[in-house]
Amino acid sequence: MNYIAAINAFDEWNALEQPSGIMLNVEGALEDMSNQRLLVQSLLLFPPKTLEDQRLCQLQTIQTASWLEKIKGCTQKQLCVRMPDGPIESFLPSLPTEFEQLAAYMFCSDTVLRERVQAVWNANPDLSSYMIISNEILFETLLRGLFSAAQECGIEKMSILLPLVNRCREAQQQHMFAAHCSVDYDITCDVGIEIATPRAIYFAADLASYADVIVFNVDELCWLLYGGKKHRNSRHEYGFLETPFNEFDDIGIGTLLGVAIQQIRRKKPDIRLCASGKYVLTEKGKNFCQELGIHSLIASTHLFASEH
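Residue numbers (our numbering): 87 to 394.
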């Protein structure tokens, strides 16, 4: 099935296909309503002890309603959903007004909330590197909201894309949740894993064990490899005749892709490979990816959220 590879992809390497599918980006989906954000904040600061926690039930209901609005026009197309990639720290209260609103919502004092935020940071000092879907209970709740909406819309097949995956355990856990939802809601589901960090390159083969499709986010790889700065204009800053932010970098990025693909092919030779981003759509990028055996090129995994 591999719907991810069919979405606005350069499968023939010379012309953009007529899109047979739609990719929805979940970025911002948790912030559609202030009550939903408050719910997520309360769940992060005061984790539920059981899956029957009323806050989880409420969040799933809100998510289902939100997804019904997003996918109701997509029933005749192959649907792929890119799960949220926001760091957990972006959902924690930081401004005085946020603490005030959450204190009123949780019926607790501002002092208690600030202590909880500090405790979360103390327990997870690298919180900024954790995505919201790294939280297993929240991820399962978000996923069930999505599947519930898809079932209500009569969708029988879809794909989900796990973004910025940087830990094998997360990929394994998220794949398991998707498999359970697929059975529970009677919806056939592909799972794609997005590789977007240099670190993930070196265990790409292990990640492929939990995926039907691997998507290399080349733009993110480039930005992270060269210091995370997206706009550099100096031609010689990195020892290149042309900045790697204007053209496909066959030396740095190309080497990373080659290492990952070699590992993946040894472990899972039949898996479908995709690459996304503006750099791979240049003539140099297309030729290089074709030589590496990448099946499809996608303009961007971020472009489709506002179209439907």
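In this text, a Cβ means the ideal position worked out from N, Cα and C, and glycines have one as well.
Along the region 167-206, the alpha helix (DSSP H) occurs as fully enclosed runs of 4 or more residues at 182-192, listed in sequence order. Restricting attention to 336, 253, 311 and 171, the CA atom closest to the CA of residue 246 is found in 171. For residue 244, the enclosing beta strand (DSSP E) begins and ends at 243-248.
Straight through space, the alpha carbons of residue 198 and residue 301 are spaced by roughly 42 Å. With contacts defined as CB atoms closer than 9 Å, residue 237 and residue 177 fail to qualify as a contacting pair.
Counting C-beta pairs with one atom in each stretch, the region 337-357 and the region 286-296 have three or more that are closer than 8 Å, which means they touch. Boundaries of the alpha helix (DSSP H) around residue 305: 304-311.
Across the set 333, 362 and 191, the C-alpha of 191 shows the shortest separation from the C-alpha of residue 179.
The criterion of a C-beta distance shorter than 9 Å is not satisfied by residue 213 and residue 249. For a cut-off of 8 Å, the C-beta gap from residue 303 to residue 281 is around 7 Å, short enough to register as a contact.
Sorting 133, 134, 130 and 169 by C-alpha distance to the C-alpha of residue 149 places 169 at the top. One thing to note: residue 243 has its Cβ no nearer than 9 Å to the Cβ of residue 349. Excluding its 5 nearest sequence neighbours in each direction, residue 230 has C-beta neighbours in its own chain below 7 Å: 146 and 267, listed in chain order.
As a beta-bridge residue in DSSP terms, residue 299 pairs with 278 and 358.
Across the structure, residue 373 and residue 209 are spaced so that their CA atoms are roughly 46 Å apart.
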